[in-house]
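Asks: Take a look at the following structure, please.
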Amino acid sequence: MSLTFFRHLSIQSNDLGKEATIILTFDGDMKGLYQDSFPVVWKVSTFGETGGCSHIFAAPLPTYISPVPGPCRMHATYISQLAVSKPQVVDGNIVGAETAIGINNGQRIFLTEDNHVFHFSVMNDSCSPLMWETPGVVQVVNATGAIQDIAIGFISDGYLMPQPALYFKEVGVSSTVTAAFNPILRAYITSDYQETAILQGAIDTPAIWEHNLASLSESTTLTLHRDPATGHYTITQA
Numbered sequence: 182m183s184l185t186f187f188r189h190l191s192i193q194s195n196d197l198g199k200e201a202t203i204i205l206t207f208d209g210d211m212k213g214l215y216q217d218s219f220p221v222v223w224k225v226s227t228f229g230e231t232g233g234c235s236h237i238f239a240a241p242l243p244t245y246i247s248p249v250p251g252p253c254r255m256h257a258t259y260i261s262q263l264a265v266s267k268p269q270v271v272d273g274n275i276v277g278a279e280t281a282i283g284i285n286n287g288q289r290i291f292l293t294e295d296n297h298v299f300h301f302s303v304m305n306d307s308c309s310p311l312m313w314e315t316p317g318v319v320q321v322v323n324a325t326g327a328i329q330d331i332a333i334g335f336i337s338d339g340y341l342m343p344q345p346a347l348y349f350k351e352v353g354v355s356s357t358v359t360a361a362f363n364p365i366l367r368a369y370i371t372s373d374y375q376e377t378a379i380l381q382g383a384i385d386t387p388a389i390w391e392h393n394l395a396s397l398s399e400s401t402t403l404t405l406h407r408d409p410a411t412g413h414y415t416i417t418q419a
């Protein structure tokens with residue numbers, strides 16, 4: 182079992198010249214993306230035209246705009262402890278979970294249901310969990326007897342429920358969700374999404390930044406720039 186690591190990201194800007202909304206999501210290239218699995222928006226923040234910023238919080242909370250004097254900063258903390266959940270979805274957004282559990286890379290776990298109460302476990306009947314280990318991936322078996330939605334993500338600092346990163350819709354009875362999750366984070370400039378939104382297709386604007394969080398230092402500060410001549414945005418490490 183690999184050791185859990187933390188990555189603290191800070192994205193800053195100052196006097197962009199135009200308001201811009203940035204989103205962070207784990208939508209790196211993987212087999213079956215937008216067919217079997219769908220990325221979930223992690224963070225959204227709006228950077229002001231002349232310093233200061235707005236933060237857009239996840240549903241079901243109302244949008245809240247908070248101007249901040251001086252340079253704008255967006256903060257995000259990633260924890261490498263993976264987790265799975267039985268998500269609650271409203272209008273294309275994950276708003277909660279009926280149950281969740283941490284999972285280690287290589288493990289297989291089972292989703293069961295009894296009297297309308299869902300439960301994850303690492304064992305099924307008399308089987309040892311070690312019998313189900315598959316290096317490099319996590320596996321979730323739908324053992325509820327009905328079609329279910331499943332999400333794979335990571336423990337979220339300060340929150341009871343984990344942060345979903347990949348959403349699997351309508352997983353069949355006795356079917357297994359298999360995911361090799363790598364924390365490849367991308368940043369986009371777009372105002373079309375909110376936090377916890379399930380992406381049904383690829384974002385129609387190119388990513389302005391991409392990095393595997395495992396290769397970053399524990400704390401990283403990035404700076405968002407806008408070229409006034411072209412209107413193009415870039416992110417550089419401060």
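For what it's worth, the working numbering labels the leading residue of the sequence shown as 182, then goes sequentially. Beta carbons: idealized from backbone N, C-alpha and C, even for Gly.
Return the bridge partner residues of residue 133 from the DSSP annotation.
Replies: Lying outside 182 to 419, the shown extent of the chain, residue 133 is not represented and no answer is given.
Asks: Below 8 Å, can you find three or more Cβ-Cβ pairs linking the stretch 331-351 to the stretch 217-224?
Replies: Short answer: they touch.
Asks: Quick check: what's the CA-CA separation for residue 364 versus residue 399?
Replies: Going by the C-alpha atoms only, they are around 14 Å apart.
Asks: With a Cβ-Cβ cutoff of 7 Å, do residue 208 and residue 367 count as a contact?
Replies: yes
Asks: Does the contact criterion of 3 or more C-beta pairs under 8 Å hold for the stretch 190-206 versus the stretch 265-274?
Replies: no
Asks: Using 10 angstroms around the beta-carbon of residue 348, count the other beta-carbons present and answer buried if the total reaches 16, otherwise exposed.
Replies: buried
Asks: Who are the near neighbours of residue 273 in its chain, counting only those whose CB is closer than 8 Å to its CB and skipping five residues on each side?
Replies: Counting only residues of its own chain and dropping the five nearest sequence neighbours on each side, residue 273 has a CB closer than 8 Å to the CB of 378, 379 and 381.
Asks: Ignoring anything shorter than 3 residues, give me the beta strand (DSSP E) runs that lie fully in the stretch 250-329, in order along the chain.
Replies: DSSP runs (the beta strand (DSSP E)) wholly in the stretch 250-329: 253-260, 263-271, 274-283, 289-295, 298-302 and 319-323.
Asks: Looking only at its own chain, which residues have a Cβ that is under 6 Å from the Cβ of residue 401, when we skip the five neighbours before and after it?
Replies: 190
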